[in-house]
Amino acid sequence: MLTGANGKPWKIDHFRHEMGAQIRAAGLEGIVTHGLRTTAAKWMAEAGCSEREIMAITGHTSPAMVSRYVREADQKRRAQSAATKVTRYRLELESAKTGECGVLKPLSAGPDNDPENAWKCEGNQS
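Start counting the sequence shown at 1; every next residue gets the next number (full-length UniProt numbering).
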């Protein structure tokens, strides 16, 4: 919760007004605070927050727009999962051909979240 100098909570428009003043004071053009709300909603959806949790933070009054962010995050997770499965499958096929890797063990995340680097070899089949 953001509070003013008087210690009272900001109303909904206070943040937008204050950010707008700071953006203008910095001489920045074409920057709007609406993008911050969208980014926050997308990040919360990607983190697994429910629609109601996101609405509590962003101030959305209707779940329609928030449900879009949640659907997009779900789609992104499914795509990442599919990419990881295909990568593991291809690495296992290559491993079977070369015999260079016994067992592929998943890592929590590869370098730069690259699914191709999210596996390590343990042991040797030969």
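Glycine included, each C-beta is placed from N, C-alpha and C at the ideal position. All figures in this text were calculated on a predicted structure; none of them were measured in a lab.
- Annotated three-state conformation of T3 is strand, per DSSP.
- About 6 Å separates the Cβ atoms of I54 and A45, confirming a contact at the 8 Å cut-off.
- The beta carbon of A40 sits closer than 7 Å to the beta carbons of I57, T58 from its chain, once the five residues preceding and following it are set aside; these are given in chain order.
- Between I12 and S67, the alpha-carbon positions lie close to 21 Å from each other.
- Between R16 and T38, the beta carbon gap of about 13 Å keeps them out of contact (Cβ cut-off 8 Å).
- Residue environment analysis places A73 among the buried positions, since at least 16 neighbouring C-beta atoms fall within 10 angstroms of its C-beta.
- With contacts defined as CB atoms closer than 8 Å, E94 and V70 fail to qualify as a contacting pair.
- Take the alpha-carbon of E29 and the one of A21: they are about 12 Å apart.
- Bounds of any alpha helix (DSSP H) do not take in L28, whose DSSP letter is neither H nor E.
- When rounded, the separation of the alpha-carbon atoms in A25 and R78 is 43 Å.
- In the DSSP secondary-structure assignment, P63 is not bridged to any residue.
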